[in-house]
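Residue numbers (our numbering): -6 to 519.
C-beta atoms are modelled at their ideal positions from N, C-alpha and C, and glycine is treated no differently.
Everything on this sheet refers to the single structure shown next.
Next up, the structure:
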């Protein structure tokens, strides 16, 4: 029979004299076999709460913690947000074999068991003895889930297990967990909620300060606390529709107040014209980036291939495709972070080295920690500013980005002490600080709450409207349909452009941004 867990009057503080106290008296219990989802804005402590209930905090990660009582399960498995933090071995099969060895599974039985767990999560690799370092982040996440399932735990702690997966991979993981969970206890943190709502017994909603707002059946919670979720920027089922409806109404009202006829006002809120072309993207302008038989190589093999494409000012290109198709490799090749052949010419750039490209191109890695080089949030932003810029101007630029990305209260915090959503916001802000002509973004919204996602998209749209090129790898079809002007499909490394008719997405105008959509000036999540 599966185990339950509970905590009574939990108080916890992050390191640092100025760090806030979170979980100020949090108490709840989860019965055996219950499936519970923790929902809350980025940085409110959801992952930390999972780590407390599993014992990772304070047994492995020391944090000042007090509680009247904590009852933890004995047989548990934990899937982390970042799969790279989970692996112990260099090869796929060895990673699962390591788990099986600790369970004293006979060596003769291991190959079949390894293949079983890989197939369970959709990793149908021809050779299981594959270097983990060569896998895409989405494939790594599947492997992490497979290794945890090999533990045969009674309790599963799942910290955004599908954040890096495509739609098919996400469905496959939740179908797998649904099939094997049975009487297992599940405690889940996840922003992509549509694929798992039917399997949940309870929904626990956290405020930005880490307090429990509500606890109950999902349907009841979404009905009773939708306005709170909007205010805190928490994902709920109709968030995209509500956002589009609110901005369309407010934008039309603003244009009508300005004296425009109703038909012209309605046209003003649509991001594309009747031919599906974005404003400022006329093909009469000179291209910013031109591909000619461009190839990116990883591990001695061609991972991405682009024939003859031209990219123009104001293009917002979403790059889509299955996990492992070569999407991230495309961005790495453009930035010359992997060996390339052929041509990818960028206007105004002389030379093919990273340092040449960095003057015109901003890059956001899928793993935000790959970008951090300083010891504070503020230093991370000012680090990328040009040397010749006046000191006063540097502070002004950093201040704006800190405010825009909800990082103002975290300016002295070390980047590695941030939540995943906060790290993601910092990585995007630091890529924008030089005002690049091209932004390459690899899954920039994963791990973000609704407020963080919408504010980032609005900022990107502002840059796009001024001529910046956005090239974004994403699995989020809402972003593809609502924000992209072009779509590139990647299959087995080959990049092709697909027909794309965007939804008529409203343009945020003054006073109708994500601030307004989430109930005024957002509360900082500490």
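ask   = Based on the DSSP output, what are the partners of residue 598 in its beta bridges?
value = Absent from the model: residue 598. The displayed extent of the chain is -6 to 519, so no value can be given.
inquiry  = On the CB-based measure, 16 or more other CB atoms within 10 Å of its CB, does residue 448 come out buried or exposed?
reply    = To locate residue 448, count along the chain shown from 1; it is residue 455. The residue in question, residue 448, is buried, as its Cβ has 16 or more Cβ neighbours within 10 Å.
task = Compare the Cα-Cα distances from residue 152 to each of 92, 440, 328 and report the closest residue.
result = For the purposes of this step, residue 152 is taken as the residue at position 159 of the chain shown. If we check each option's Cα against that of residue 152, 440 comes out closest.
Reduced DSSP secondary structure (H/G/I, E/B, other) of residue 163 = Along the chain shown, read from residue 1 onward, the residue named residue 163 stands at position 170. The answer is helix: DSSP assigns residue 163 an H, G or I state.
ask   = Could you give the residue range of the alpha helix (DSSP H) that holds residue 375?
value = By 1-based counting over the chain shown, the position of residue 375 is 382. Note, residue 375: alpha helix (DSSP H), 370 to 375.
Any 3 or more C-beta pairs closer than 8 Å across the stretch 396 to 405 and the stretch 322 to 336 = no
Simplified DSSP state of residue 300, which is helix, strand or coil = One-based indexing of the chain shown puts residue 300 at position 307. Three-state result, residue 300: coil.
query = Roughly how far, in whole angstroms, is the beta-carbon of residue 490 from the beta-carbon of residue 481, given that I think they are within contact range, below 8 Å?
reply = Walking along the chain shown from the start, residue 490 turns up at place 497. Walking along the chain shown from the start, residue 481 turns up at place 488. The Cβ separation is near 6 Å, so the contact holds.
query = Can the beta-carbon of residue 116 be found less than 8 Å from the beta-carbon of residue 106?
reply = Position 123 of the chain shown holds residue 116. Position 113 of the chain shown holds residue 106. No, the pair does not count as a contact, with Cβ atoms beyond the cut-off.
ask   = If we call anything under 8 Å between Cβ atoms a contact, is residue 2 one with residue 60?
value = Start at 1 with the first residue of the chain shown, and residue 2 comes out as number 9. Start at 1 with the first residue of the chain shown, and residue 60 comes out as number 67. Their beta carbons are under 8 Å apart, which means residue 2 touches residue 60 by this criterion.
ask   = By Cβ distance, which residues of its chain are closer than 6 Å to residue 413, with the 5 residues on each side in sequence left out?
value = For this step, residue 413 is matched to residue 420 along the chain shown. If we look at residue 413 and ignore the five residues flanking it on each side, its Cβ neighbours are 74, 440.
query = So residue 356 packs on residue 433, CB below 8 Å; how close in whole Å?
reply = On the chain shown, residue 356 is found 363 positions in, with the first residue counted as 1. On the chain shown, residue 433 is found 440 positions in, with the first residue counted as 1. That belief holds up - the Cβ atoms of residue 356 and residue 433 are roughly 5 Å apart, short of 8 Å.
query = Ends of the alpha helix (DSSP H) at residue 282?
reply = The count along the chain shown starts at 1 and reaches residue 282 at position 289. Unbroken run through residue 282 is the beta strand (DSSP E), 282 to 291; no alpha helix (DSSP H).
query = Where does residue 69 sit, in a helix, a strand or coil, going by DSSP?
reply = As a first step, residue 69 is located in the chain shown; it is residue number 76 there, counting from the start. It is a strand residue.
query = What first and last residue would you give for the beta strand (DSSP E) that runs through residue 14?
reply = Along the chain shown, read from residue 1 onward, the residue named residue 14 stands at position 21. Here the beta strand (DSSP E) through residue 14 covers 14 to 23.
inquiry  = List, from N- to C-terminal side, the alpha helix (DSSP H) runs of 4 residues or more that fit wholly inside the stretch 140 to 225.
reply    = 160 to 174, 211 to 217, 219 to 225
ask   = Helix or strand or just coil, what does DSSP make of residue 355?
value = Numbered from 1 along the chain shown, position 362 holds the residue referred to as residue 355. Strand.
request  = Take the Cβ of residue -4 as the centre, count every other Cβ of all protein chains shown within 10 Å, and call the residue buried at 16 or more, exposed below.
outcome  = Along the chain shown, read from residue 1 onward, the residue named residue -4 stands at position 3. With 16 or more Cβ atoms within 10 Å of its Cβ, residue -4 is classed as buried.
ask   = residue 82 by DSSP, collapsed to three states: which one?
value = Stepping through the chain shown from its first residue, residue 82 is reached at position 89. Three-state DSSP puts residue 82 in coil, outside helix and strand.
key: Three-state class that DSSP yields for residue 256 in the structure shown   = Position 263 of the chain shown, counted from the first residue, corresponds to residue 256. The pLDDT assigned to residue 256 is 40, lower than 50, so where the model puts this residue is not dependable; a value taken from the coordinates is nonetheless given after this. The answer is helix: DSSP assigns residue 256 an H, G or I state.
query = Could you give the distance in angstroms between the alpha-carbon of residue 76 and the alpha-carbon of residue 157?
reply = Residue numbering aside, residue 76 sits at position 83 when the chain shown is read from its first letter. Residue numbering aside, residue 157 sits at position 164 when the chain shown is read from its first letter. Their backbone Cα atoms lie some 10 Å apart in a straight line.
query = According to the Cβ coordinates, are residue 544 and residue 28 closer than 8 Å?
reply = Residue numbering for the chain in the displayed model covers -6 to 519; residue 544 lies beyond these limits and cannot be assessed.
message = Please return the same chain residues whose Cβ sits closer than 7 Å to the Cβ of residue 435, not counting the five positions on each side in sequence.
response = Looking up residue 435 in the chain shown gives position 442. Cβ neighbours of residue 435 beyond the five flanking positions: 321, 324, 357, 358, 359, 466.
ask   = Taking three-plus beta-carbon pairs below 8 Å as touching, is the stretch 163 to 182 in contact with the stretch 93 to 103?
value = no
ask   = For chain D, is any of its Cβ atoms less than 8 Å away from the one on residue 371?
value = Protein chain content of the structure displayed is limited to a single chain, and chain D is not contained in it.
query = So, using beta-carbon positions, are residue 8 and residue 415 closer together than 8 Å?
reply = Reading the chain shown from its first residue, position 15 is the one you call residue 8. Reading the chain shown from its first residue, position 422 is the one you call residue 415. No, they are not a contact pair.
request  = Drop a sphere of 10 angstroms on the beta-carbon of residue 316, count the other beta-carbons inside from all chains shown, and report buried for 16 or more, exposed for fewer.
outcome  = As a first step, residue 316 is located in the chain shown; it is residue number 323 there, counting from the start. Under this definition residue 316 is a buried residue.
inquiry  = Rounding to the nearest angstrom, what Cα-Cα distance links residue 95 and residue 232 in this structure?
reply    = Residue mapping note: residue 95 aligns to position 102 of the chain shown, counting from 1. Residue mapping note: residue 232 aligns to position 239 of the chain shown, counting from 1. Those two C-alpha atoms are separated by around 44 Å.
query = Using a Cβ-Cβ cut-off of 8 Å (strictly less than) and excluding sequence neighbours within five positions of residue 87, which residues of its own chain qualify?
reply = Position 94 of the chain shown, counting from 1, holds the residue named residue 87. The answer, listed in chain order, is 122.
ask   = Given residue 272, which residues of its chain have a CB within under 6 Å of its CB, disregarding the five upstream and five downstream residues?
value = Stepping through the chain shown from its first residue, residue 272 is reached at position 279. Legend: pLDDT at residue 272 = 44, less than 50; position of this residue unreliable, value from coordinates given subsequently. Excluding sequence neighbours, residue 272 sits near nothing in its chain.
query = Going straight from the alpha carbon of residue 41 to that of residue 56, what length do you get?
reply = Residue numbering aside, residue 41 sits at position 48 when the chain shown is read from its first letter. Residue numbering aside, residue 56 sits at position 63 when the chain shown is read from its first letter. Each residue's alpha carbon lies about 10 Å from the other.
request  = Taking 8 Å as the threshold, find out whether the stretch 302 to 313 comes into contact with the stretch 362 to 372 through three or more Cβ pairs.
outcome  = no
ask   = Grouping DSSP H, G and I as helix and E and B as strand, with all else coil, what is residue 322?
value = Taking the chain shown and counting its residues from 1, the one referred to as residue 322 is at position 329. It is helical.
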